[in-house]
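Below: one structure, written as structure tokens.
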Amino acid sequence: MKRIAFFLLFGLLLKGFPAFSQWTVERDSTLEFVEWKHKRTNNKAIGDTLYYEDFGSGGPGINQFPAGWTNQNFAGNSNNWIWSTAAPGGQYSISIGPLNSSSGSNGFLSLPSDLYNTPAMMFVNMDAAVSSPPIPIPQKGAWLLQFQQAHRFCCFGGDSALVAEVSADGQQWTEFDATFNGWPNAATPNPQYAEINVSSVLAFEDTAYLRFRQTGPSHYYWMIDDLALVEGPTNAFQINELTFNFSDTFSVNPTYTLVPLSMVDSISLEAVVENAGAFDQTGFRIDYRLFHDSSLNGTPGSGVVFQDSIIYNQAFTAFSTDTVLFDHPKFKPNQSGYYRAEVQLKSDSMNQLAYLASQNQAFVVSDSILARDRGVYVGGFNVASPSYSSPNIDSGKAGVLFNSGAMQSQIKALRFFAQNSPHSPGSKIRPMLWEIDLDFDSSLTSSIHLVAQDTAPTTITSAMLGNWIQLPFSTDPTLSDLKLDPGKQYIMGWEQVNGANGFEFEIGRDRSMERVAPQVSNFVFYNNQNPGWGWMTRVPAVRAVIESQTVGLKSKLEKNWLNVFPNPSNGIVELEWDQEVGNYQELSVMSLSGRLVKKQAIKAGQNQLKLDLENLEKGVYIMALKSQLNWSYSKIILY
41 MKRIAFFLLF GLLLKGFPAF SQWTVERDST LEFVEWKHKR TNNKAIGDTL YYEDFGSGGP
101 GINQFPAGWT NQNFAGNSNN WIWSTAAPGG QYSISIGPLN SSSGSNGFLS LPSDLYNTPA
161 MMFVNMDAAV SSPPIPIPQK GAWLLQFQQA HRFCCFGGDS ALVAEVSADG QQWTEFDATF
221 NGWPNAATPN PQYAEINVSS VLAFEDTAYL RFRQTGPSHY YWMIDDLALV EGPTNAFQIN
281 ELTFNFSDTF SVNPTYTLVP LSMVDSISLE AVVENAGAFD QTGFRIDYRL FHDSSLNGTP
341 GSGVVFQDSI IYNQAFTAFS TDTVLFDHPK FKPNQSGYYR AEVQLKSDSM NQLAYLASQN
401 QAFVVSDSIL ARDRGVYVGG FNVASPSYSS PNIDSGKAGV LFNSGAMQSQ IKALRFFAQN
461 SPHSPGSKIR PMLWEIDLDF DSSLTSSIHL VAQDTAPTTI TSAMLGNWIQ LPFSTDPTLS
521 DLKLDPGKQY IMGWEQVNGA NGFEFEIGRD RSMERVAPQV SNFVFYNNQN PGWGWMTRVP
581 AVRAVIESQT VGLKSKLEKN WLNVFPNPSN GIVELEWDQE VGNYQELSVM SLSGRLVKKQ
641 AIKAGQNQLK LDLENLEKGV YIMALKSQLN WSYSKIILY
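Note that the sequence shown ends on residue 679 in this note's numbering; no numbers are left out.
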């Protein structure tokens with residue numbers, strides 16, 4: 041396992057945004073949270089506790105640490121770890137209580153970073169560690185480090201690190217991520233039960249050294265208790281990651297969760313597998329099966345549509361990781377529907393982590409929707425006012441990469457998931473499309489070129505929050521059927537035009553996809569003193585409505601598409617929508633400022649409507665259909 045370094049965008053923005061910066065994310069191993077195992081006295085089986093420390097009653101050592109435990113401060117200040125039974129304190133941690141661990145009442149380790157920086161005239165970065173004495177251990181093949189903790193760290197992933205460091209000699213240290221894919225400024229549960237496989241360091245050693253270290257910005261806190269070294273499994277092989285590759289045409293190829301049948305290319309699967317045990321594995325193989333579980337309308341699918349196996353001719357060595365690519369041959373779907381990959385690891389030995397040796401990953405071959413997200417959003421992302429930066433800005437832009445496919449298609453609209461943020465209502469956004477050439481030997485900024493944008497921005501209203509907003513690319517009728525050239529790469533995204541007025545459109549952010557999103561596949565344009573494009577790890581909730589040029593305009597690929605005609609109109613308009621999408625309840629007509637000018641109820645089963653708007657002033661209006669599940673939008677020009 042490796043220390044995880046999240047070099048997130050806005051940490052760099054505080055230092056000045058370069059025209060082309062490279063932020064990186066290392067892939068991480070699967071770390072499991074487990075139920076706490078109580079101390080045992082026998083040392084004969086997996087799960088036996090071979091060392092335990094509860095940091096109770098203040099200890100006999102310096103600073104009330106247990107004997108042999110010491111502070112190290114690499115920053116050269118006195119902001120050290122302490123023994124405590126109290127809450128960490130500090131101006132931003134007022135509501136945080138003491139660590140609620142199994143033995144928290146008798147004391148625990150605490151790094152009250154927030155307290156050290158209160159009041160804060162100037163925040164002081166932390167680089168503090170607390171270290172164990174040499175710990176005699178039996179020579180076992182597999183080791184698990186377990187502890188209970190609570191933490192919150194500031195402020196940007198690339199600037200902060202909370203790591204558990206392990207050594208067999210007290211000189212060479214190996215770092216393990218102790219945030220467990222946590223996010224800056226987000227508090228963990230209190231307590232959080234943690235387990236890290238440290239066999240690669242301690243296997244068959246007779247001494248262990250442990251150290252907990254925080255580096256980077258000041259806030260907020262880290263509390264640790266009930267630490268144990270537990271005997272782990274010696275035969276342990278697991279799948280850490282599954283990733284679909286939908287193309288290998290370009291140097292960077294995005295990973296989709298939904299892809300239209302007309303755009304999908306041959307698909308390969310990449311699996312990251314690990315032998316986390318102390319023994320080599322013989323007779324090792326990886327089996328891959330791809331299922332077509334159902335059609336888009338829910339009828340039974342075709343079952344197994346593809347299968348493959350990779351057999352290791354040599355032993356899969358202990359504590360090693362391998363990346364396996366199933367691409368001989370690749371799979372090309374010939375029908376839409378729900379697909380699921382199942383990958384299993386097998387060996388001559390019985391796997392003591394069998395529940396980690398099988399994994400499933402799914403994707404959808406859709407009629408018309410192209411998506412890079414799974415639809416589960418934790419927090420949001422906005423381009424108007426990055427955290428801790430001012431002033432607010434206009435013309436911030438962001439988007440996600442996609443490939444156009446082998447045949448010509450047209451993009452009808454973009455969808456954005458409006459996160460429920462109090463700063464979003466009143467913000468104005470417009471969908472945008474750029475062409476990008478990542479293989480062009482130049483800066484990122486000079487590789488991105490605008491293709492289309494909406495000429496009239498849409499105002500976000502409170503009613504849109506927590507819903508998908510579907511917006512056509514432009515009110516210009518000549519761009520209503522915007523064509524995508526085959527064999528090219530594009531960015532689909534948005535621009536916020538009124539950030540300087542204090543409005544911040546916040547879009548949903550799919551953190552689960554950020555672990556598998558290829559590097560240089562999500563982009564942001566920050567319009568500061570050094571305007572330019574850069575790439576980021578964040579995956580915003582942007583989707584496209586795609587239509588193949590081989591089908592008619594009235595095909596079922598127009599699902600969730602609200603048609604308004606004629607457009608432009610003198611006031612008498614007809615609306616038509618897909619009845620299969622949902623039971624729409626009402627139609628709203630709004631001005632571009634978000635003011636409601638007309639509302640009309642929709643009858644159950646109705647999918648057409650004639651509307652008289654002759655009494656409205658000339659200009660551009662938004663037509664919005666509302667159901668219990670979502671909204672569908674279109675624009676109308678009145679002349």
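Ideal Cβ placement from N, Cα and C applies to all residues, glycine included. Bear in mind the structure is a predicted one, so any value in this text is a computation, not a measurement.
Leu636 carries a strand assignment under DSSP once its states are collapsed to helix, strand and coil. Shown here, Thr125 sits in coil according to DSSP, grouped into three states, outside any helix or strand. Beyond the five residues adjoining it in sequence on each side, Val238 comes within less than 6 Å, by CB distance, of Trp183, Leu185 and Val206 in the same chain, given in chain order. In this model, Pro173 and Asp209 are separated by some 11 Å (Cα to Cα).
Between the alpha carbons of Ala234 and Gln179 lies a gap of roughly 23 Å.
In this structure, the alpha-carbon of Ser387 lies about 26 Å from that of Gly343.
DSSP, reduced to helix, strand and coil, places Asn568 outside both helices and strands of the structure shown, so it counts as coil. Counting along the chain, Met663 sits inside the beta strand (DSSP E) bounded by residues Gly659 to Lys666. For Leu656, the three-state secondary structure derived from DSSP is coil. Under the DSSP assignment, Val241 falls in the alpha helix (DSSP H) whose first and last residues are Ser239 to Leu242. Among the bridge pairs identified by DSSP, His368 is matched with none. By the Cβ-count criterion, Val613 is buried, with 16 or more other Cβ atoms from all chains shown falling within 10 Å of its own Cβ. Note on the stretch 164-211: whole beta strand (DSSP E) runs with a minimum of 3 residues are 166-171, 183-193 and 201-207, in chain order.
With a cut-off of 8 Å on Cβ pairs, the stretch 369-386 is in contact with the stretch 304-312, counting three or more such pairs. Distance from the CA atom of Val440 to the CA atom of Asn293, rounded to whole angstroms, is 11 Å.
With a 10 Å radius around the Cβ and a threshold of 16 neighbouring Cβ atoms, Phe148 comes out buried. In the structure shown, Ser449 falls within a strand segment according to DSSP collapsed to helix, strand and coil. Residue Val404 holds the alpha-carbon nearest to the alpha-carbon of Pro373 among Gly415, Ser628, Gly338 and Val404. Between Ala424 and Gly539, the C-beta spacing is below 8 Å. Bridge pairing for Gly343: His332 [DSSP]. If only uninterrupted beta strand (DSSP E) runs of at least 3 residues are considered, those enclosed by the stretch 467-527 are 468-476, 488-493, 508-512 and 522-524. Under DSSP, Trp573 shares a beta bridge with Phe565. Rounded to the nearest angstrom, the gap between the Cα atoms of Pro300 and Leu478 is 23 Å.
Burial is judged here by how many other beta carbons sit within 10 angstroms of a residue's own beta carbon; Gly108 has fewer than 16 and is exposed.
By the C-beta density criterion, Ser118 is exposed, having fewer than 16 other C-beta atoms within 10 angstroms.
For a cut-off of 8 Å, the C-beta gap from Ala446 to Asp305 is around 6 Å, short enough to register as a contact.
With 16 or more other Cβ atoms from the protein chains shown falling within 10 Å of its own Cβ, Phe216 counts as buried. Nearest C-alpha to Trp262 among Ile547, Phe286 and Ala226: Ala226. CA-to-CA, the gap between Leu410 and Gly527 works out to about 16 Å. The continuous alpha helix (DSSP H) containing Tyr156 extends over residues Ser153 to Tyr156. Straight-line spacing of the CA atoms in Thr501 and Leu656 works out to 20 Å. Non-local C-beta neighbours of Ile642 in its own chain, meaning closer than 8 Å and more than five positions away in sequence, comprise Tyr624, Gln625, Glu626, Leu627, Leu649 and Leu665, ordered along the chain. Cα atoms of Lys370 and Cys194: separation of roughly 43 Å, rounded to the nearest angstrom.
Contact between Met663 and Leu602 holds, since their C-beta atoms are separated by about 6 Å, short of 8 Å. Burial check for Gly645: the Cβ neighbour count within 10 Å stays below 16, so the residue is exposed. Per DSSP, the beta bridge partners of Asn113 are Ala168.
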